[in-house]
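Student: Start counting the sequence shown at 31; every next residue gets the next number (the numbering used here).
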Amino acid sequence: MLDGRIFPLHYWIFMSDDATRFPANFIWGVATASAQVEGAAFIDGKGESVWDRFSRMPGKIHNGDTPEVACDHYHHFREDFALMRKLGVKNYRLSLAWPRIYPLGDGPLNRAGLDFYHRLFDAMAENGITPWVTMFHWDLPQALEDRGGWCERVTVDAFGRYADTIVKEFSGKVKNWITLNEIRCFTKLAYGPDRAIKAPGRKVSRAMLKQTYHHALLCHGHGVRAVREHGGAGAQVGLTDNPDVCIPVKEIPSDIAAARRWFADRNSHILGAIYDGGYASAYLERSGPDAPRVMPGDFELISRPTDFLGLNIYSGHFVRADADGKPEELRLPASYPKADSPWLHLAPQSMYWATRLAHETYGAKGIIITENGCGYNDEPVIDGEVVDLHRREFLRMYLRETRRALADGVPIRGYFLWSFMDNFEWEDGYMRRFGIVHIDFESQKRTPKLSADYYASVMRENRIV
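Written as structure tokens, this is what we have:
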């Protein structure tokens, strides 16, 4: 029970059986993204992406690494799917490379790009793997960025055409669609006036930054529209968001109330806009003259109903109620435990509170954890094995909090581990490894880590082991 509401019986049936067990129909999977694993950056007609360009700018990417080859999944996908099958992976979240399909963003269609993904989906089917396809995971065609990128509505129009194309083309092979991945990352962290660390790395005004959010929301709406119009029977669609997450310092009414207030305020410009059908008055007042420009019909598109909400959950902020009951965010001590990714401090309770607060605040029909994982450096293969016990412990702690949320009635439908294999980790290049499969980027040899064996057991037994 949450807040006095009674949840359906099926949430409680498994609870009395085993405190580590998940519902019988729980979706287990792994995830990657096109720009991080495919390679083949300039092969078979693919256009340049903003990451292809950004990675060649001196000083932008660790060690000058580029995604040109990455894991060469473009040529190794059959080997990769065979390995997934061996591990028991039945669901795979991947993304399509927009510039592989429309090299200029709009303009001529690249048939070779569509044919590649047909081969990909066919190989997945042969291995009993269900695709969960993200339409856009950060690799904007550079040609669109040259015309204004996320700052201009030309990108919205181009995305609408792209979404129609891919849903029509693959509706017979794909039934699970995700519109966009992490709006904050390809807007605020790519165009932020103070900090633009991701591609294209272009600093804009605060007013224009808010407009990038709005244009991304419109693209989400087009993605939903395309699935409703062309997806066929059984198609479902949702957004993947990386919400700002908070954890009440103490699970007492005052701290929980402060956490709810903090969560709603920090996520009003994305999740609030989608689920509430408009921008909150507090957000507009706070934005003042920088508030986004909204055209007639925009929110009819943005707020189209979805079938699930995807959440990428890694860390969280700790919040308590101050003397006046307002949210007070606590600063982390210098020695607080972190992964090697400096932004990824360990906060397993973020899984519980992110999903619970998203459900309570927005009433999502179902929640799917579309990413969760941890990045570490230097994971060498020794005697044919990578003993990544730190990752195993991370997964176990976070899965326990996922299971706790389920027991408390949060409608979580599935979990996708990030990532299936080490890859091009954006501005960190190949230094930072998130995979449960080790990649030797010189030889392209794949070596499952200890965490892969652990996660295989979790999926097979449908419980925390």
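Yeah, the Cβ is synthetic: ideal placement off N, Cα and C, and Gly gets one too.
1. List the whole-angstrom C-beta distance separating Ile494 from Leu429, where the pair is believed to meet the contact cut-off of C-beta under 8 Å.
2. Between Arg433 and Pro273, what straight-line distance do the alpha-carbon atoms span, to the nearest angstrom?
3. Looking at C-alpha atoms only, which residue of Arg214, Glu182, Ser449, Met165 is the closest neighbour of Thr195?
4. Note down the Cα distance separating His103 from Gly318, rounded to an integer number of angstroms.
5. May I ask you to report which of helix, strand or coil DSSP gives Lys395?
6. Looking only at C-alpha atoms, which of Pro129, Thr160, Gly143 sits nearest to Thr185?
7. Which residues does DSSP list as the beta-bridge partners of Ile347?
8. What residues are listed by DSSP as bridge partners for Ile469?
9. If you scan the stretch 147 to 211 from start to end, which runs of the beta strand (DSSP E) of 3 or more residues do you find wholly inside it?
10. Exposed or buried, which one is Asn297 when buried takes at least 16 other CB atoms within 10 Å?
11. According to DSSP, Glu516 sits in a beta bridge with which residue or residues?
12. Identify whether Trp373 lies in helix, strand or coil by the three-state DSSP scheme.
13. Consult DSSP for Ala61 and reduce its assignment to one of helix, strand or coil.
14. Could you give the first and the last residue of the continuous beta strand (DSSP E) run that contains Arg123?
15. Quick check: the stretch 392 to 411 against the stretch 345 to 361, are at least 3 beta-carbon pairs closer than 8 Å?
16. Rounded to a whole number of angstroms, what is the C-alpha to C-alpha distance between Tyr41 and Arg183?
17. Below 8 Å on the Cβ atoms is my guess for Asp418 versus Leu480; work out the distance and round it to an integer in Å.
18. Pick from Asp458, Ile159, Glu431: whose alpha carbon is nearest that of Arg51?
19. Should Pro322 be labelled buried (16 or more other beta-carbon atoms within 10 Å of its own) or exposed?
20. Apply the 10 Å Cβ neighbour rule to Glu330 and answer buried if 16 or more other Cβ atoms are within range, or exposed otherwise.
21. Would you mind working out which of Ala127, Ser473, Val204 sits nearest Leu170, comparing C-alpha positions?
22. How many Å lie between Arg498 and Arg422 at the Cα?
23. Report the three-state DSSP secondary structure of Ile36 (helix, strand or coil).
24. Here's a check: name, in chain order, each residue in its chain whose Cβ is nearer than 8 Å to the Cβ of Asp33, leaving out the five neighbours to either side.
25. In whole angstroms, what separates the C-alpha of Lys475 from that of His92?
26. Which same chain residues, not among the five before or five after Arg115, have their C-beta less than 6 Å away from its C-beta?
27. Could you compute how far the alpha carbon of Glu409 sits from the alpha carbon of Gly340?
28. For Ser201 and Gly262, which I take to be in contact (beta-carbon distance under 8 Å), what is that distance rounded to the nearest angstrom?
29. When the distance is taken between beta carbons, is Ile131 closer than 8 Å to Leu139?
30. Find the nearest neighbour of Ala564 within the set His245, Pro278, Leu134, judged by alpha-carbon distance.
31. Considering only the alpha carbon of each residue, which of Trp456, Ala486, Gly444, Phe471 lies closest to Pro53?
32. In chain order, what residues of the same chain have a beta carbon less than 7 Å from the beta carbon of Val99, not counting five sequence neighbours either side?
33. Cutting at 7 Å between CB atoms, please list the residues of its own chain near Met427, excluding the five before and the five after it.
Tutor: Reading from the atomic positions:
1. 5 Å
2. 20 Å
3. Met165
4. 46 Å
5. coil
6. Pro129
7. Looking at the sequence shown, residue 347 is not Ile but His. Beta-bridge pairing links His347 to Cys276.
8. Arg476
9. 160 to 166, 206 to 211
10. buried
11. What is shown of the chain runs 31 to 495, which leaves residue 516 out entirely.
12. coil
13. strand
14. 121 to 125
15. no
16. Bear in mind that the predicted position of Tyr41 carries a pLDDT of just 40, short of 50, making it too unreliable to give a figure here.
17. 5 Å
18. Glu431
19. buried
20. exposed
21. Ala127
22. Nothing in the structure corresponds to residue 498, since the chain is present only between 31 and 495.
23. In this predicted model, Ile36 has a pLDDT of only 34, less than 50, meaning its place in the structure is not dependable; the value taken from the coordinates is given anyway. It is coil, neither helix nor strand.
24. Only weak support exists for where Asp33 lies, its pLDDT of 42 falling under 50; the coordinates are left without a value.
25. 22 Å
26. Asn157
27. 29 Å
28. 5 Å
29. yes
30. Look at the range of the chain in this structure, 31 to 495, and you will see that residue 564 is not part of it.
31. Gly444
32. Gly69
33. Pro378
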